[in-house]
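Each residue of the sequence shown is one higher than the one before, counting from 18 in this note's numbering. Don't be surprised by glycine CBs; every beta carbon is placed ideally from N, CA and C.
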Amino acid sequence: MKLTKRLAGIVFPPRCVVCRSPLPRDGMICPGCERYVNHPDPSRSRCAVCFLPQKECVCGKKLYYEKLAAPFIGSTPAKQSVYDMKFRQKLDLVKPLAHFMKLALDERDMTDGIDLITYIPMDRGRRFRKGFDHAEELAKELAKLTGRPCAALLERRQKVPPQHSLKKRILRSGNLLGVFEPVGKRLPDIAGKRILLVDDIATTGATFNEAAKTLMIFGAETVYCACALLNPKPKQKKNRRRGR
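Okay, here's the thing in structure tokens:
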């Protein structure tokens, strides 16, 4: 068995989750790409929810989740890896991305506060066409890493345009109103639980917030959120009219 594993390592060497270059030994990221992992910095002023600097904070005014963790932020080379998993079906990236999501949860003191893991579900049509749900795959891998159970708690009530096709926060929020509902047989699993809600990419946090609201309405004690990539949109500066 050890020999087989060694041969597999030679033929298919482990690759860096960011740049995809072969690694000289077992690992998930090369030394040059370690700088792209987002670690919270207590010396800088940061949002207590999304852990981003205040100027980059993605949190809206009314939040239903308590904290949001992500190991990779913005347009770094890591973004391409997450997009490859999401849009090019590269499922070999699920395990290393989940590894860094677990690291983000640990560094933000969120892991011990989790009873149950769930995920943002795709609509059934997209799920059927792809053959898998990438958020579900990340959630299952996180369940293995944390030792917490994973369950499908939510489903989509209606089909809506993909969030990444909408540019403005107000459109993203309105696009999701009432879109989630709990899976009927899972209602007892929600009440009183501290739930981790998983997705692949978050931009404004609107999808997380709407799903968290549904879980809270049906009795969840606390909702945490985690994604592989937090890709905030640049905040537009308000144009001020100059007086004449």
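| said: Going by DSSP in three states, LEU80 sits in which element: helix, strand or coil? | reply: When DSSP states are grouped into helix, strand and coil, LEU80 belongs to the coil group.
| message | When you compare the region 153-173 with the region 110-125, are there three or more beta-carbon pairs, one atom per stretch, that lie closer than 8 Å? | response | In this structure the region 153-173 lies against the region 110-125, because at least three pairs of beta carbons, one per stretch, are closer than 8 Å.
| So ASP150 and ARG144 are in contact, right, with Cβ under 8 Å, and what is the actual spacing, rounded? | Right, the Cβ-Cβ distance comes to about 5 Å (below 8 Å), so this counts as a contact.
| VAL111 in three-state terms, based on DSSP | Look at VAL111 here: in three-state DSSP terms it is helix.
| said: So, at 6 Å on beta carbons, what are the nonlocal neighbours of ALA95 in its own chain, with the 5 sequence-adjacent residues on each side left out? | reply: Result list for ALA95: VAL35, TYR53 and PHE89, in chain order.
| query | Which residue comes first and which comes last in the beta strand (DSSP E) that contains PHE197? | reply | In the DSSP assignment, PHE197 falls within the unbroken beta strand (DSSP E) covering 197-199.
| request: For HIS181, collect the residues of the same chain with a Cβ closer than 6 Å to its Cβ; drop the 5 residues on either side in sequence, then sort them by chain order. | output: Unreliable positioning characterises HIS181 in this predicted model, as indicated by a pLDDT of 46, which lies under 50. The coordinate reading is nonetheless provided below. If we look at HIS181 and ignore the five residues flanking it on each side, it has no Cβ neighbours.
| query | According to DSSP, is ARG146 helix, strand or coil? | reply | Of the three classes helix, strand and coil, the one that applies to ARG146 here is helix, per DSSP.
| query | Buried or exposed: where does ASP58 fall if 16 or more other Cβ atoms within 10 Å of its Cβ makes it buried? | reply | Its Cβ having fewer than 16 others within 10 Å, ASP58 is exposed.
| query | In three-state DSSP terms, what is PRO39? | reply | Correct three-state label for PRO39: strand.
| task | Closer than 7 Å by C-beta to LEU188: which residues in its own chain qualify, once you throw out the five before and the five after it? Chain order, please. | result | Confidence at LEU188 is low in this model, with a pLDDT of 41, below 50, so its placement is unreliable and the value that follows should be read with caution. If we look at LEU188 and ignore the five residues flanking it on each side, it has no Cβ neighbours.
| query | Do ALA219 and CYS244 have their C-beta atoms closer together than 8 Å? | reply | Closer than 8 Å, so yes.
| If you run the structure through DSSP and keep just helix, strand and coil, what is ASP216? | Three-state result, ASP216: strand.
| field | PRO249 beta carbon less than 8 Å from that of GLY49 | value | For the pair GLY49 and PRO249, the CB atoms are not nearer than the 8 Å cut-off.
| request: Starting from PRO70, follow its DSSP beta bridges and name the residues at the other end. | output: The partner list for PRO70 (beta bridge, DSSP) reads ARG63.
| task | Report the partner residues of LEU85 according to the DSSP bridge assignment. | result | The secondary-structure analysis by DSSP pairs LEU85 across a beta bridge with CYS242.
| said: Using the Cβ count rule (16 or more neighbours within 10 Å means buried), how would you classify LYS210? | reply: Residue environment for LYS210: buried (at least 16 other C-beta atoms within 10 angstroms of its C-beta).
| request: Kindly indicate which residue of ALA223, VAL200, GLU153 and SER98 has the alpha-carbon position closest to the one of ILE46. | output: Looking from the CA of ILE46, the closest CA among ALA223, VAL200, GLU153 and SER98 belongs to SER98.
| query | Are there 16 or more other CB atoms within 10 angstroms of the CB of LEU108, so buried, or fewer, so exposed? | reply | Counting Cβ neighbours within 10 Å, LEU108 comes out exposed, since fewer than 16 surround it.
| query | GLY44 to PRO30, Cα distance in whole Å? | reply | Taken atom to atom, the span from the alpha-carbon of GLY44 to that of PRO30 is near 10 Å.
| message | What would DSSP say about ILE131, mapped onto helix, strand or coil? | response | Of the three classes helix, strand and coil, the one that applies to ILE131 here is coil, per DSSP.
| message | Rounded to the nearest angstrom, what separates PRO199 and ARG37 at their Cα positions? | response | Take the alpha-carbon of PRO199 and the one of ARG37: they are about 38 Å apart.
| request: Between the Cα of GLY130 and those of LEU214, GLN71, GLY201 and ALA152, spot the shortest distance and give me the residue it belongs to. | output: Per the Cα distances, LEU214.
| Hey, how far is the Cα of MET102 from the Cα of LEU246? | Straight-line Cα distance between these residues: approximately 11 Å.
| Whole-angstrom C-beta distance between LEU170 and ARG125, which should lie under 8 Å | Between LEU170 and ARG125 the Cβ distance is about 22 Å, and since that is not below 8 Å, they are no contact.
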